[in-house]
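See structure below.
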Amino acid sequence: MIEVRFLVEAQREIFPLRGQAIINLQFSIIFFKISMEVMKIIVGPIRTNCYILKSGNELAVVDPGEETLLILDKIKDMRGILKYIINTHYHFDHTTANQEIKKATGAKILIHEKEKGYIDFPADIFLQDNEEIILGEEKILVRNFPGHSEGSICLFVEKIIFTGDLLFKDGYGRTDLVGGSEEDMFKSLDEIRKFLKPGVMVYPGHGDEFQI
Ligand SMILES: [Zn+2]
Ligand SMILES: [Zn+2]
1 MIEVRFLVEA QREIFPLRGQ AIINLQFSII FFKISMEVMK IIVGPIRTNC
51 YILKSGNELA VVDPGEETLL ILDKIKDMRG ILKYIINTHY HFDHTTANQE
101 IKKATGAKIL IHEKEKGYID FPADIFLQDN EEIILGEEKI LVRNFPGHSE
151 GSICLFVEKI IFTGDLLFKD GYGRTDLVGG SEEDMFKSLD EIRKFLKPGV
201 MVYPGHGDEF QI
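At the far end of the sequence shown sits residue 212, using my numbering, and the numbering has no gaps.
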């Protein structure tokens with residue numbers, strides 16, 4: 001199923017396309033305002049949301065959990081230079097394709113510094129809280145929201161938040177995995193709530209995106 005969406009401020013129109021023989025995969029292209037383009041690809045056995053962001057002629061991929069070739073194909077379709085591979089946290093379902101994508105494109109792998117002790121791949125840049133990643137004409141703000149893992153981050157761009165496994169449409173991420181903390185999770189959920197203003201679009205690590 002392929003779904004193409006054009007999103008302009010608060011107005012949303014959905015144009016479903018049919019006739020594609022792709023099973024179990026779903027793409028959506030979302031144009032938000034004019035400067036940021038987001039493509040979603042669902043990858044791997046636990047259906048992780050991988051996002052490709054584009055601003056100007058620069059691209060970033062968020063959480064390439066699997067499906068290297070498919071992701072590389074989509075990157076090619078989006079016509080730009082892949083600068084960054086950004087992981088919202090260390091779990092394999094968000095990071096497995098990191099190194100192959102890096103090998104193919106030369107992009108840098110970015111993850112929060114608090115995930116350093118948990119990763120089994122070399123990262124190029126360890127992110128800090130409140131750091132900004134420049135992509136084309138956009139600034140992507142990095143904020144650490146521990147709970148699902150110590151160095152879990154959310155990414156803020158204009159009225160979009162990528163929440164990783166912190167916040168989903170119908171709940172929040174588990175806290176029983178290595179580096180997780182229920183206490184931190186509740187603090188983080190309290191904190192993220194402050195950013196969930198009307199009109200904000202949330203793109204989570206699993207499941208559907210949603211608008212506040
Ligand atoms: Zn996770
Ligand atoms: Zn996950």
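Just so it is clear, CB atoms sit at the ideal spot from N, CA and C, and this is done for glycine as well.
All values reported here derive from a predicted model rather than from experimental measurement.
> Hey, is the segment 136 to 153 in contact with the segment 65 to 77, meaning 3+ C-beta pairs nearer than 8 Å?
Replying inline: These segments do not touch.
>> Relative to the C-alpha of residue 115, which candidate in 179, 54, 49, 165 has its C-alpha closest?
In response: Distance from the Cα of residue 115 is smallest, within the candidate group 179, 54, 49, 165, for 179.
> Taking the alpha-carbon positions, what's the residue 54 to residue 60 distance?
Replying inline: Cα-Cα distance, rounded: 7 Å.
>> Assuming contact is defined by CB atoms lying nearer than 8 Å, are residue 120 and residue 44 in contact in what I supplied?
In response: Inclusion of residue 120 and residue 44 in the CB contact set at 8 Å is not warranted, their separation being larger than that value.
>> Is residue 91 near ligand 1 - that is, is its Cβ less than 7 Å away from at least one heavy atom of it?
In response: For residue 91, the CB falls within less than 7 Å of some heavy atom of ligand 1.
> Is residue 75 helix, strand or coil by DSSP?
Replying inline: Collapsing the DSSP output to three states places residue 75 in a helix.
> Can you name, in chain order, every residue of its own chain whose Cβ lies under 7 Å from the Cβ of residue 11, other than the five neighbours on each side?
Replying inline: For residue 11, the predicted model reports a pLDDT of 27, less than 50, meaning its position is unreliable and no value from the coordinates is stated.
> Hey, quick one: how far does the alpha helix (DSSP H) through residue 191 stretch, first residue to last?
Replying inline: Taken as a continuous stretch (DSSP letters only), the alpha helix (DSSP H) holding residue 191 covers 182 to 193.
> In this structure, what does DSSP give as the bridge partners for residue 48?
Replying inline: DSSP output for residue 48 lists 43, 206 as bridge partner(s).
> Does the separation of the CB atoms of residue 109 and residue 123 fall below 8 Å?
Replying inline: For the pair residue 109 and residue 123, the CB atoms are nearer than the 8 Å cut-off.
>> From the DSSP secondary-structure annotation, give me the bridge partner or partners of residue 141.
In response: Looking at the DSSP assignment, residue 141 forms a beta bridge with 132, 156.
> Start and end of the alpha helix (DSSP H) containing residue 94?
Replying inline: In the DSSP assignment, residue 94 falls within the unbroken alpha helix (DSSP H) covering 92 to 95.
> By how many angstroms is the C-alpha of residue 85 removed from the C-alpha of residue 136?
Replying inline: Distance from the CA atom of residue 136 to the CA atom of residue 85, rounded to whole angstroms, is 15 Å.
> Mind checking residue 162: buried by the 16 CB within 10 Å criterion, or exposed?
Replying inline: Classification of residue 162: buried, given that the 10 Å Cβ count is 16 or more.
> Would the beta-carbon of residue 111 be found less than 7 Å away from any heavy atom of ligand 2?
Replying inline: Result no, Cβ not under 7 Å from ligand 2.
>> When you compare the CB positions of residue 90 and residue 111, do they come within less than 8 Å of one another, or not?
In response: In this structure, residue 111 lies closer than 8 Å to residue 90 by Cβ.
>> Taking 7 Å as the cut-off, is the beta-carbon of residue 63 closer than that to any non-hydrogen atom of ligand 1?
In response: Residue 63 Cβ: outside cutoff for every heavy atom of ligand 1.
> So, helix, strand or coil for residue 37, using DSSP?
Replying inline: Three-state DSSP puts residue 37 in a strand.
>> Mapping the DSSP letters down to three states, classify residue 19 as helix, strand or coil.
In response: At residue 19 the pLDDT is 29, less than 50, meaning the model places this residue with poor confidence and gives no usable figure here.
>> Short of 6 Å in beta carbon distance, which residues of its chain neighbour residue 165, apart from the five on each side in sequence? Order them along the chain.
In response: Closer than 6 Å at the Cβ level, and outside the excluded window around residue 165, lie 148, 173, 205.
>> Given a cut-off of 8 Å on the beta-carbon distance, is the pair residue 160 and residue 203 in contact?
In response: Contact flag set, yes.
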